[in-house]
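Read the structure below first, then the notes.
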Amino acid sequence: MTIHEIAEWLGGKVVGNNIESAPDIERVAKIEEADSGSLTFLANPKYEKHLGTTHATAVLVSRKLDLKKNVGRASLIFIRVDDPYVAFLHVLKHITPTVELFATGIHSTAIVPSNAIMGKNISIGSHAVIGEHAIIGDNTKIGVGCVIGNHAQVGSECILYPNVVVYHQCKIGNRVILHAGAVIGSDGFGFAPKADGTYEKIPQLGIVVIDDDVEIGANTTIDRATIGDTHIHCGAKIDNLVQIAHNVVIGEHTVIAAQTGISGSTKIGKHCMLAGQVGIAGHIEIADRTVIMAQSGIPKSIGEPGKSYFGTPADEARKAQRVYIAMKMLPDMLREFTALQKKVAELERKLLEK
Amino acid sequence: MTIHEIAEWLGGKVVGNNIESAPDIERVAKIEEADSGSLTFLANPKYEKHLGTTHATAVLVSRKLDLKKNVGRASLIFIRVDDPYVAFLHVLKHITPTVELFATGIHSTAIVPSNAIMGKNISIGSHAVIGEHAIIGDNTKIGVGCVIGNHAQVGSECILYPNVVVYHQCKIGNRVILHAGAVIGSDGFGFAPKADGTYEKIPQLGIVVIDDDVEIGANTTIDRATIGDTHIHCGAKIDNLVQIAHNVVIGEHTVIAAQTGISGSTKIGKHCMLAGQVGIAGHIEIADRTVIMAQSGIPKSIGEPGKSYFGTPADEARKAQRVYIAMKMLPDMLREFTALQKKVAELERKLLEK
Amino acid sequence: MTIHEIAEWLGGKVVGNNIESAPDIERVAKIEEADSGSLTFLANPKYEKHLGTTHATAVLVSRKLDLKKNVGRASLIFIRVDDPYVAFLHVLKHITPTVELFATGIHSTAIVPSNAIMGKNISIGSHAVIGEHAIIGDNTKIGVGCVIGNHAQVGSECILYPNVVVYHQCKIGNRVILHAGAVIGSDGFGFAPKADGTYEKIPQLGIVVIDDDVEIGANTTIDRATIGDTHIHCGAKIDNLVQIAHNVVIGEHTVIAAQTGISGSTKIGKHCMLAGQVGIAGHIEIADRTVIMAQSGIPKSIGEPGKSYFGTPADEARKAQRVYIAMKMLPDMLREFTALQKKVAELERKLLEK
Chain A
1 MTIHEIAEWL
11 GGKVVGNNIE
21 SAPDIERVAK
31 IEEADSGSLT
41 FLANPKYEKH
51 LGTTHATAVL
61 VSRKLDLKKN
71 VGRASLIFIR
81 VDDPYVAFLH
91 VLKHITPTVE
101 LFATGIHSTA
111 IVPSNAIMGK
121 NISIGSHAVI
131 GEHAIIGDNT
141 KIGVGCVIGN
151 HAQVGSECIL
161 YPNVVVYHQC
171 KIGNRVILHA
181 GAVIGSDGFG
191 FAPKADGTYE
201 KIPQLGIVVI
211 DDDVEIGANT
221 TIDRATIGDT
231 HIHCGAKIDN
241 LVQIAHNVVI
251 GEHTVIAAQT
261 GISGSTKIGK
271 HCMLAGQVGI
281 AGHIEIADRT
291 VIMAQSGIPK
301 SIGEPGKSYF
311 GTPADEARKA
321 QRVYIAMKML
331 PDMLREFTAL
341 QKKVAELERK
351 LLEK
Chain B
1 MTIHEIAEWL
11 GGKVVGNNIE
21 SAPDIERVAK
31 IEEADSGSLT
41 FLANPKYEKH
51 LGTTHATAVL
61 VSRKLDLKKN
71 VGRASLIFIR
81 VDDPYVAFLH
91 VLKHITPTVE
101 LFATGIHSTA
111 IVPSNAIMGK
121 NISIGSHAVI
131 GEHAIIGDNT
141 KIGVGCVIGN
151 HAQVGSECIL
161 YPNVVVYHQC
171 KIGNRVILHA
181 GAVIGSDGFG
191 FAPKADGTYE
201 KIPQLGIVVI
211 DDDVEIGANT
221 TIDRATIGDT
231 HIHCGAKIDN
241 LVQIAHNVVI
251 GEHTVIAAQT
261 GISGSTKIGK
271 HCMLAGQVGI
281 AGHIEIADRT
291 VIMAQSGIPK
301 SIGEPGKSYF
311 GTPADEARKA
321 QRVYIAMKML
331 PDMLREFTAL
341 QKKVAELERK
351 LLEK
Chain C
1 MTIHEIAEWL
11 GGKVVGNNIE
21 SAPDIERVAK
31 IEEADSGSLT
41 FLANPKYEKH
51 LGTTHATAVL
61 VSRKLDLKKN
71 VGRASLIFIR
81 VDDPYVAFLH
91 VLKHITPTVE
101 LFATGIHSTA
111 IVPSNAIMGK
121 NISIGSHAVI
131 GEHAIIGDNT
141 KIGVGCVIGN
151 HAQVGSECIL
161 YPNVVVYHQC
171 KIGNRVILHA
181 GAVIGSDGFG
191 FAPKADGTYE
201 KIPQLGIVVI
211 DDDVEIGANT
221 TIDRATIGDT
231 HIHCGAKIDN
241 LVQIAHNVVI
251 GEHTVIAAQT
261 GISGSTKIGK
271 HCMLAGQVGI
281 AGHIEIADRT
291 VIMAQSGIPK
301 SIGEPGKSYF
311 GTPADEARKA
321 QRVYIAMKML
331 PDMLREFTAL
341 QKKVAELERK
351 LLEK
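So the sequences go chain by chain: A, B and C.
Per our numbering, the first sequence runs over residues 1 to 354.
Per our numbering, the second sequence runs over residues 1 to 354.
Per our numbering, the third sequence runs over residues 1 to 354.
Structure, rendered in structure tokens:
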């Protein structure tokens, strides 16, 4: 590709001299290893020093980078983009020979009942099973061994990796990615205690609804609602081994890292970030743009949007950090406290003597 | 259904006037939305105010509700039951057109060896694989893609959702529900350290035994014993993504929420409640009716039954909560402590001057 | 087997009288239940008292056991080995009639493309699917329903239990054991935030490399690298439901217990031991032989090898334990602190009066 083709494709702006005479880009490389014909990138300021010595033909840089102080080699060409690292990965992906993951068409061992409605240009992997009356959208790829329940719906341009299970009646939007082993729509964990100490199963009659552009990690589990729906709103990204209980709502563009668990009927706002191994109690609400740090436990609702939380039970991050710093001083302080108690007793005695 | 039919079916008691002239129940609805022909329920006291205005034909109420102070509409009919919400869900389930999840019979793509013993009226989903000499009880439904190991046993009236794996020789009782992706009988995590710092695998020769009326969540893992068995006793309910290590015993009617992990050889008593993300050390015993709050870590045995625990390492909940409240006061207290130290030093100086 | 055969097979040393006239070993048993023809073991010192009364023909004992003070029955024969319990399990395994878990050959329902390279003497279970251009080594057993991606490689003498998914291009060494439902090579969790608060998926172009003699637990997930590889070095043992993020490196012979999560680009040293439910932050390094106790959270690099850590955020175990002990004294100390403040104020008043 020529530099202009790459820049146009990335929506970037070319800066430099003699661009027409520059060689075409044939590969990508790290800035210290790049040679003529290579495209590289500069994302971390500590690599700026390499601009003067790199043999790369072109460098992806931030639109905000001050090029005056980074003179570089006279013939070095810059392509200004929003995020040089992401742009680099896109070029790398583009020029990497791709492995075709999904064969076209419906494999002869896949099972598709005649009452299922199948979109155009879909791929159904070997041994995948589509439920009765299920609906699969255009250009969607269903991996090997996936199971789509009866009356379930999967939108268009989705990718389901192998062995995903979507239970009956659940509804999945467009451009959704589900990684291997994810389970969508298992029964919520609901049991009514009986007088004799045993439990009666509460029927779980609702479904899971996953909106457009959601990605769900490997072996993550999302339970169906008791009544109504467990709802993952558009653009949410959920990592591996996450537990989403029944009737939970996850807001738009909220990101949830691995091994986090959300208890039943809790509502997480939009644009939140939950780090790994977080636990959230049931029947509470978390405001938009809340950030929850790793391993925190949230016992009650968070009403004010845009704040960070840490600890179990969690507190505002700044407060919690002060507590954790104080905790480390506690053993020394206890010793000093005992010493101070003795000193005060001594003072009392002396005062009495006077 | 008539009101009398519903009451009889639920084991409830009808209270009201002109019951014979009441319309049949045709649907269920929330108390504020119910109309003639609707059944509704009252579980939460804050909804009692709706009793005076609801258009429902009948209301499921607790046997303990004082109906004198809740006069309601003159023609309103009450059905007294133990748990109005659960009763409501049962009626809802009864009148909801059901999706048949499991086709009858053995699918042509399922693999059933001739030496397996298959009960009456069973369902084996497509691509499911039954092991050599396995035994499946009457009326049991094995979902799509399930794998039942050689010599394994599954009782009668069980439901196995898709892609469950039961390893060889494991034994599952009657009316057991296993959700999608659950793994029963994987090797316990046992390795003997060798002098050179590497590990030798300890053979895991035991099995998993799951008793009657147990429910196991999606993607939960239960390891087989080293020798003997990992045993889940009757009526236990285990949520999604739970880890049960080798040789663990879970007592009858104990409930374990999502992402909790029980280390090897630990014995959990009967009627315990373990909340989400709890961790329990190995080789300990937890007394009956113990309650363990979310994210707690239990490092040693709990001998006295019926108590609540919280924290890592956990303490009795009341003690632990006092500690957590005190922790939040710690940064302020440290500041005051330094001030007090100065004040005492000043007193000492003054006393010396006198 | 004769006692000499067992000793030779275990690499042990026989000690005792009249060994030639001893009966052959026909079974194994606990020391208190063993009879003539039985082999038993002594691992825990508190069972030494049984040496005088056991009817066993032979006892596996440690090479370090002082036999002079444990006279035992005159005809009792000892086999000295490194680890009597492990040796016992090996004999038990040897004499236990084994269930053949994997049928020989390629099942007729398995799918193996003609361009895949298949080793000698392999087993491919029913409904397993091998990817295009995949390579499977000699004597490897691929369980029912496993999915091996396009261009993926699995070495020789591996065991993959049912429903394992290995994504495209990932490379697995020799003698690797993958338990049911494990997912190797799912996309790393990488999204670039955009100006409008939505996210763009960062392509995950790398792979997972698993070296020889690794064991991976059930439903564990290991993400592929963004570029390069997520690398599990030789001899590492990873339990169930563990999350290994993209570009993580796990050192040789490191052991990771269930439900632990390692964030992206973190490098764990050799011979480390991570207990259950541990969380490790991203982009950090953990020194060799580090021990991390259960439920701990590690926010930053650990540079010094061979130390133990505990807590969230974690501290050296000895320090952390002092803090936890001090914490429990905190509520009482707060009360005493308030009393001391009053006492000092009183002293100040009295001093002023004088």
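In this text, a Cβ means the ideal position worked out from N, Cα and C, and glycines have one as well.
Residue i (DSSP reduced to helix, strand or coil)
| i | result |
| --- | --- |
| serine 308(B) | strand |
| lysine 69(B) | coil |
| glycine 52(C) | helix |
| isoleucine 227(B) | coil |
| alanine 317(C) | helix |
| glutamine 153(B) | strand |
| methionine 333(B) | helix |
| phenylalanine 78(A) | strand |
| valine 242(C) | coil |
Straight-line Cα distance separating residue j from residue i
| i | j | result |
| --- | --- | --- |
| glycine 282(A) | serine 265(A) | 6 Å |
| valine 214(A) | valine 176(A) | 5 Å |
| threonine 260(C) | valine 242(C) | 5 Å |
| valine 61(A) | threonine 96(A) | 21 Å |
| asparagine 18(C) | alanine 87(C) | 23 Å |
| glutamate 32(B) | cysteine 158(B) | 39 Å |
| proline 299(B) | glycine 228(A) | 40 Å |
| glycine 297(C) | asparagine 174(B) | 41 Å |
| serine 114(A) | lysine 237(A) | 34 Å |
| lysine 13(C) | tyrosine 85(C) | 16 Å |
| valine 99(C) | glycine 206(B) | 12 Å |
| leucine 92(B) | threonine 2(B) | 15 Å |
| phenylalanine 78(A) | leucine 51(A) | 10 Å |
| isoleucine 135(A) | histidine 246(C) | 33 Å |
| isoleucine 284(B) | alanine 320(B) | 21 Å |
| glycine 395(B) | aspartate 138(B) | Because residue 395(B) is not part of the residues shown, which for chain B are 1 to 354, the question remains open. |
Cβ-Cβ distance between residue i and residue j below 7 Å
| i | j | result |
| --- | --- | --- |
| asparagine 163(C) | glycine 145(C) | yes |
| alanine 58(A) | valine 183(C) | no |
| valine 28(A) | leucine 10(A) | no |
| glycine 279(B) | glycine 276(C) | yes |
| threonine 226(A) | glycine 190(A) | yes |
| serine 186(B) | alanine 7(C) | no |
| alanine 314(A) | proline 331(B) | no |
| isoleucine 124(C) | alanine 110(C) | yes |
| leucine 416(C) | leucine 347(B) | With chain C covering only 1 through 354, there is no way to say anything about residue 416(C). |
| aspartate 35(B) | histidine 4(B) | no |
| isoleucine 222(C) | valine 208(C) | yes |
Partners in chain C for residue i, counting only beta-carbon separations shorter than 7 Å
| i | result |
| --- | --- |
| lysine 319(A) | Correct list: empty, because the minimum Cβ distance to chain C is about 15 Å. |
Proximal chain C residues relative to residue i, where beta-carbon distance stays under 9 Å
| i | result |
| --- | --- |
| lysine 307(A) | Under the 9 Å cutoff, chain C gives no residues; its nearest Cβ is about 17 Å from lysine 307(A). |
| aspartate 315(B) | Lys328 |
Within chain A, partners of residue i - CB distance below 8 Å
| i | result |
| --- | --- |
| arginine 322(C) | Pro331 |
| tyrosine 199(C) | Gly235, Lys237, His253 and Val255 |
| methionine 118(B) | None at all; the shortest Cβ gap to chain A is about 21 Å. |
Listed by chain order, chain A residues near residue i by CB distance under 7 Å
| i | result |
| --- | --- |
| serine 123(B) | Chain A residues near serine 123(B): none, gap ~13 Å exceeds 7 Å. |
| histidine 246(B) | Residues of chain A passing the Cβ test: none, with the nearest at roughly 21 Å. |
Closer than 7 Å at the beta carbon, the chain B residues around residue i
| i | result |
| --- | --- |
| aspartate 187(C) | Near aspartate 187(C) there are no residues of chain B at all, since even the closest Cβ is about 18 Å away, more than 7 Å. |
Contact set between residue i and chain A, taken where Cβ atoms lie within less than 9 Å
| i | result |
| --- | --- |
| phenylalanine 337(B) | Met333, Glu336, Phe337 and Leu340 |
Problem - Against chain B: residues of the stretch 259-270 of chain C by CB proximity under 9 Å - result: Only Gln259 and Lys270 from the stretch 259-270 of chain C bring a Cβ to less than 9 Å from some Cβ of chain B.
Exercise for the section: Anything in the stretch 6-39 of chain A with a Cβ closer than 8 Å to a Cβ of chain C? List those residues in chain order, please. Expected result: Within the stretch 6-39 of chain A, no residue has a Cβ that lies closer than 8 Å to any Cβ of chain C.
Handout entry: Residues of the stretch 143-164 of chain C whose Cβ lies closer than 8 Å to any Cβ of chain E, in chain order
Key = Absence of chain E from the displayed structure is noted, the protein chains being A, B and C.
Problem - Contacting positions in the stretch 48-64 of chain B - beta carbon closer than 7 Å to chain C - result: The stretch 48-64 of chain B vs chain C, Cβ under 7 Å: nothing.
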